[in-house]
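Asker:
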Amino acid sequence: MATLRRLIIPFRSSLLQRTSYSHYGCKEGFLGGGYHRCSSIASSEPKVLKFEDEEKLLGNAKDSLSVEEISKIREEYNAAKEKFLKIPDALKQMPKMNPKGIYVNKNVRLDSIQVYGFDYDYTLAHYSSNLQCLIYELAKHHLVNEFKYPDTCLEFKYDPTFPIRGLYYDKSKGCLMKLDFFGSIELDGCYYGRRKLSREEIDEMYGTRHIGRDQARELVCLMDFFCFSEACLIADIVQHFVDAKLEFDARYVYEDVNRAIQFVHNSGLVHRGILADPPRYLVKNDQLLRFLRMLKDKGKKLFLLTNSPFYFVDGGMRFMLQDSLGQQDSWKELFDVVIAKANKPEFYKSDHPFRCYDVEKDTLAFTKVDAFLPGKIYYHGCLKAFLQITKWKGPEVIYFGDHLFSDLRGPSKAGWRTAAIIHELKSEIMIQNDNSYRFEQAKFHIMQELLGRLHATATSSMTSEAYKSLLRELNDERQKTRYKMKGMFNKSFGATFLTDTGQESAFAYHIHQYADIYTSKPENFLYYPPEAWLHVPYDIKIMPHHLKVSSNLFRT
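Note that my numbering gives residue 465 to position 462 of the sequence shown, counting from 1, and the numbers run on in steps of one.
(1) So what does DSSP say about residue 52, is it helix, strand or coil?
(2) Using the three-state DSSP reduction, which class does residue 372 fall into: helix, strand or coil?
(3) Excluding the five sequence neighbours on either side, which residues of its own chain have a C-beta within less than 7 Å of the C-beta of residue 294, listed in chain order?
(4) Rounded to whole angstroms, how far is the Cβ of residue 168 from the Cβ of residue 499, which I believe are closer than 8 Å?
(5) Could you please give the first and the last residue of the uninterrupted alpha helix (DSSP H) stretch that includes residue 321?
(6) Which residues does DSSP list as the beta-bridge partners of residue 208?
(7) Keeping to the same chain, check which residues put their C-beta closer than 6 Å to that of residue 150; ignore five residues upstream and five downstream.
(8) Tell me which residue opens and which closes the beta strand (DSSP E) that residue 180 is part of.
(9) Please report the distance separating the alpha-carbon of residue 206 from that of residue 428.
(10) For the stretch 402 to 452, which segments carrying the alpha helix (DSSP H) assignment without a break, of at least 4 residues, lie completely within its bounds, in sequence order?
(11) Going by CA-CA distance only, name the one from 440, 533, 213, 387 that's closest to residue 94.
(12) Alpha carbon to alpha carbon, how far is residue 232 from residue 224? Give it in angstroms, no decimals.
(13) Does residue 189 pass the burial test, meaning 16 or more other C-beta atoms within 10 Å, or should it be called exposed?
(14) Anyone know if the C-beta pair for residue 304 and residue 118 falls short of 7 Å?
(15) On the DSSP letters alone, give me the boundaries of the alpha helix (DSSP H) that residue 479 sits inside.
(16) Residue 257 and residue 174: beta carbons closer than 7 Å?
(17) If you measure between the beta carbons of residue 177 and residue 253, is that distance less than 7 Å?
(18) For residue 198, which of helix, strand or coil comes out of DSSP?
(19) When you compare only the Cα positions, how much space is there between residue 338 and residue 381?
(20) Within the continuous alpha helix (DSSP H) that includes residue 360, where are the two ends?
(21) As a quick exercise: from 447, 387, 238, 333, pick the residue whose alpha carbon is nearest that of residue 161.
(22) In this structure, does DSSP put residue 187 in helix, strand or coil?
(23) In chain order, what are the residue ranges of uninterrupted alpha helix (DSSP H) at least 4 long that sit wholly in the stretch 131 to 156?
(24) Relative to the C-alpha of residue 116, which candidate in 217, 418, 69 has its C-alpha closest?
(25) Rank 235, 372, 457, 172 by C-alpha distance to the C-alpha of residue 220 and give the top, closest one.
(26) To the nearest angstrom, report how far apart residue 227 and residue 423 are at their CA atoms.
(27) Give the DSSP-derived three-state secondary structure of residue 276 in the structure shown.
(28) Mapping the DSSP letters down to three states, classify residue 343 as helix, strand or coil.
(29) Measure the alpha-carbon distance for residue 413 versus residue 407 and round it to whole angstroms.
(30) Identify whether residue 128 lies in helix, strand or coil by the three-state DSSP scheme.
(31) Let me make sure I understand the geometry here. Which of 487, 455, 486, 214 has the alpha-carbon closest to that of residue 473?
(32) Using the beta-carbon count (16 or more within 10 Å), is residue 185 buried or exposed?
(33) Output the distance between the C-alpha atoms of residue 170 and residue 302, rounded to the nearest integer angstrom.
(34) With distances taken between CB atoms, is the gap from residue 386 to residue 360 smaller than 7 Å?
(35) Provide the residue(s) that pair with residue 112 in DSSP beta bridges, ordered along the chain.
(36) Hey, out of 489, 374, 513, 246, whose CA is closest to residue 443's CA?
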């Protein structure tokens with residue numbers, strides 16, 4: 004009570020300076036926004052108010068202000084709705100983000116980079132959307148043939164519109180979900196099988212949207228280039244068991260699907276499938292050759308470090324560069340070191356020795372590798388031995404990869420500079436550049452701002468019909484805007500980098516943590532001089548490629 008008095012007394016004092024009561028009950032002071040003077044016979048001496056009277060007076064004053072504020076918010080909302088009928092010219096004139104740009108989380112001076120390293124899959128190699136369907140089909144058949152899943156699972160079809168990169172699967176509860184930057188469940192991005200869970204179901208299952216430390220131990224992040232087919236297959240199997248009313252352990256579903264996916268990769272099934280029909284799965288890329296040759300011409304050292312076997316890399320590079328390379332040229336001449344079957348991320352922390360690979364005999368030599376010879380191929384190895392042999396120092400090396408954990412976390416901790424290759428970045432920036440998306444984003448920000456102000460008027464006015472009606476309209480308009488923005492990216496989970504409310508996702512968090520820079524393709528570096536200084540934008544929010552559309556565009 005004493006604390007409450009201290010909060011109220013300063014306001015009360017200023018109020019009493021303007022307000023006094025006569026013996027006849029006539030009031031002089033602030034009333035409905037104006038001053039009214041009483042009869043001249045009114046007493047000039049103020050009457051001392053009791054605390055209860057002070058509290059009531061304050062409540063009445065606040066209610067009056069709340070009603071006025073609600074009315075003002077209503078007027079602003081109605082005015083904004085009229086402007087929602089067309090896209091403002093100011094919005095059309097806003098700068099566009101470059102879909103082929105290089106975006107910077109940590110400053111990088113390219114003139115100090117002497118060594119460029121590359122992963123192969125989804126970094127140097129560009130794949131068509133057909134690859135995910137191939138992986139899905141091969142893994143599905145393995146589940147049925149080897150793990151004895153029901154034959155009806157063979158009827159499943161890969162749905163490219165369902166998954167995105169960076170989803171999490173809860174092995175204890177069987178939910179597939181998208182998390183935001185702070186580890187909270189995206190309300191419209193939590194699925195049990197293929198059915199989206201409601202907010203009430205999420206609350207009942209997890210108790211809160213925020214994933215705690217204990218719950219986080221049960222989550223696995225689906226982030227590599229298998230993640231799309233893996234996420235879709237997990238959801239399809241869970242849904243099949245639910246529909247068939249079969250009891251199942253969600254942990255076994257993940258482990259079986261993951262083992263099937265790994266088998267497809269490690270057995271070479273997917274590699275042979277790709278090389279059997281390269282035009283169906285691989286995308287030719289003459290820009291890649293230009294980029295690699297530009298680096299060589301500038302005196303840079305290049306190395307290839309991949310988990311894939313050499314025959315697969317060789318077949319893919321030959322196909323992708325066959326229209327650009329001369330008849331006598333070999334893609335291997337572009338690299339100072341070629342390392343296959345590196346077993347990342349163990350490569351970065353193991354002591355495994357390098358083995359020289361004989362391409363003709365398909366065998367590994369037993370002699371110790373203490374130098375990397377031109378034209379030779381090496382298997383396995385570790386970071387420690389790599390640095391001892393090459394003498395390349397950490398800060399002068401930059402490594403390009405698509406998997407934030409397997410490719411970039413190790414190099415980041417080892418002192419290398421890191422570049423994340425995220426193919427979805429190009430399409431997502433193009434959507435964000437579109438006026439229709441920016442229009443919805445600006446509308447959403449207006450709804451957020453007005454709702455924030457409306458909630459700040461939380462007094463007895465909350466029970467008024469004016470408050471309830473406005474709250475309902477603002478929430479409905481915000482929800483419609485959220486759905487529109489989400490649908491422009493992916494109907495199930497929305498954008499890879501953003502939540503439905505325009506905040507950064509958990510995937511964006513990992514990029515921010517492990518990637519010094521990120522872009523959609525390595526050859527985007529062709530648009531920058533090799534001596535460029537890449538700086539973090541001065542007005543960065545969290546992810547530098549995000550442009551925040553101001554709600555003020557509708558007020559000018």
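Positions of the beta carbon are idealized from the N, C-alpha and C atoms, including for glycine.
Predicted model only: the values in this text are computed from it and were never measured.
Answerer: Here's the rundown:
(1) The count along the sequence shown starts at 1 and reaches residue 52 at position 49. The pLDDT assigned to residue 52 is 48, lower than 50, so where the model puts this residue is not dependable, and the model offers no usable value.
(2) Along the sequence shown, read from residue 1 onward, the residue named residue 372 stands at position 369. When DSSP states are grouped into helix, strand and coil, residue 372 belongs to the coil group.
(3) Counted from its first residue, the sequence shown places residue 294 at position 291. In its chain, beyond the 5 residues on either side, 525, 526, 528, 529 have a beta carbon closer than 7 Å to the beta carbon of residue 294.
(4) As a working note, residue 168 is residue 165 in the sequence shown. As a working note, residue 499 is residue 496 in the sequence shown. Sure, about 5 Å apart at Cβ, within 8 Å.
(5) Counting from one through the sequence shown, the residue named residue 321 turns up at place 318. For residue 321, the enclosing alpha helix (DSSP H) starts and ends at 313 to 324.
(6) Stepping through the sequence shown from its first residue, residue 208 is reached at position 205. For residue 208, which the question treats as bridged, DSSP gives no partner whatsoever.
(7) Taking the sequence shown and counting its residues from 1, one reaches residue 150 at position 147. Excluding sequence neighbours, residue 150 sits near 259.
(8) The residue given as residue 180 occupies position 177 in the sequence shown. Run containing residue 180: 178 to 182, per the beta strand (DSSP E) assignment.
(9) For the purposes of this step, residue 206 is taken as residue 203 along the sequence shown, with counting starting at 1. For the purposes of this step, residue 428 is taken as residue 425 along the sequence shown, with counting starting at 1. For residue 206 and residue 428, the distance between alpha carbons rounds to 32 Å.
(10) With a minimum length of 4 residues, the unbroken runs of alpha helix (DSSP H) contained wholly in the stretch 402 to 452 fall at 413 to 417, 427 to 436.
(11) Taking the first residue of the sequence shown as 1, we reach residue 94 at position 91. Comparing alpha-carbon positions, the option among 440, 533, 213, 387 lying closest to residue 94 turns out to be 440.
(12) Looking up residue 224 in the sequence shown gives position 221. Looking up residue 232 in the sequence shown gives position 229. Rounded to the nearest angstrom, the two C-alpha atoms are 14 Å apart.
(13) Numbered from its first residue, the sequence shown carries residue 189 at position 186. In the assembly as shown, residue 189 is a buried residue. Its beta-carbon has 16 or more other beta-carbons within 10 Å.
(14) Sequence index remark: in the sequence shown, residue 304 carries index 301 (1-based). Sequence index remark: in the sequence shown, residue 118 carries index 115 (1-based). Yes, the pair counts as a contact, with Cβ atoms nearer than the cut-off.
(15) Position 476 of the sequence shown, counted from the start, is the residue given in the question as residue 479. For residue 479, the enclosing alpha helix (DSSP H) starts and ends at 468 to 490.
(16) For the purposes of this step, residue 257 is identified with residue 254 of the sequence shown, where counting begins at 1. For the purposes of this step, residue 174 is identified with residue 171 of the sequence shown, where counting begins at 1. Yes, they are a contact pair.
(17) Working through the sequence shown from its first residue, we reach residue 177 at position 174. Working through the sequence shown from its first residue, we reach residue 253 at position 250. It is a contact, given that the beta carbons lie within the stated cut-off.
(18) The residue labelled residue 198 in the question sits at position 195 within the sequence shown. If DSSP states are grouped into helix, strand and coil, residue 198 belongs with the strands.
(19) To locate residue 338, count along the sequence shown from 1; it is residue 335. To locate residue 381, count along the sequence shown from 1; it is residue 378. Those two C-alpha atoms are separated by around 12 Å.
(20) Within the sequence shown, numbered from 1, the residue matching residue 360 stands at position 357. It is not in any alpha helix (DSSP H) - residue 360 instead sits in the beta strand (DSSP E) that spans 357 to 361.
(21) Mapped onto the sequence shown, residue 161 falls at position 158. With distances taken between Cα atoms, residue 161 lies closest to 238.
(22) Translated into positions along the sequence shown, residue 187 becomes position 184. Three-state DSSP puts residue 187 in a strand.
(23) Fully enclosed alpha helix (DSSP H) runs of no fewer than 4 residues occupy 133 to 149 of the stretch 131 to 156, in order along the chain.
(24) As a first step, residue 116 is located in the sequence shown; it is residue number 113 there, counting from the start. Nearest option by C-alpha distance: 418.
(25) Position 217 of the sequence shown, counted from the first residue, corresponds to residue 220. Residue 172 is the option with its Cα nearest to residue 220.
(26) Position 224 of the sequence shown, counted from the first residue, corresponds to residue 227. Position 420 of the sequence shown, counted from the first residue, corresponds to residue 423. Here the alpha carbons of residue 423 and residue 227 stand approximately 12 Å from one another.
(27) The residue you call residue 276 lines up with position 273 of the sequence shown. Residue state, collapsed to three classes: helix.
(28) Translated into positions along the sequence shown, residue 343 becomes position 340. Strand.
(29) Here residue 413 refers to the residue found at position 410 when the sequence shown is read from its first residue. Here residue 407 refers to the residue found at position 404 when the sequence shown is read from its first residue. Residue 413 and residue 407: Cα-Cα distance of roughly 9 Å.
(30) As a working mapping, residue 128 is identified with position 125 in the sequence shown. Reduced to three states, the DSSP call for residue 128 is strand.
(31) Along the sequence shown, read from residue 1 onward, the residue named residue 473 stands at position 470. The shortest Cα separation from residue 473 among 487, 455, 486, 214 belongs to 455.
(32) Start at 1 with the first residue of the sequence shown, and residue 185 comes out as number 182. Exposed is the label assigned to residue 185, since fewer than 16 other Cβ atoms lie within 10 Å of its Cβ.
(33) The residue you call residue 170 lines up with position 167 of the sequence shown. The residue you call residue 302 lines up with position 299 of the sequence shown. Approximately 40 Å, taken between the alpha carbons.
(34) Stepping through the sequence shown from its first residue, residue 386 is reached at position 383. Stepping through the sequence shown from its first residue, residue 360 is reached at position 357. Cβ distance not < 7 Å, so residue 386 and residue 360 don't count as in contact.
(35) Position 109 of the sequence shown, counted from the first residue, corresponds to residue 112. Residue 112 is bridged to 536.
(36) Here residue 443 is taken as the residue at index 440 of the sequence shown, counted from 1. Checking every option, the nearest Cα to that of residue 443 belongs to 489.
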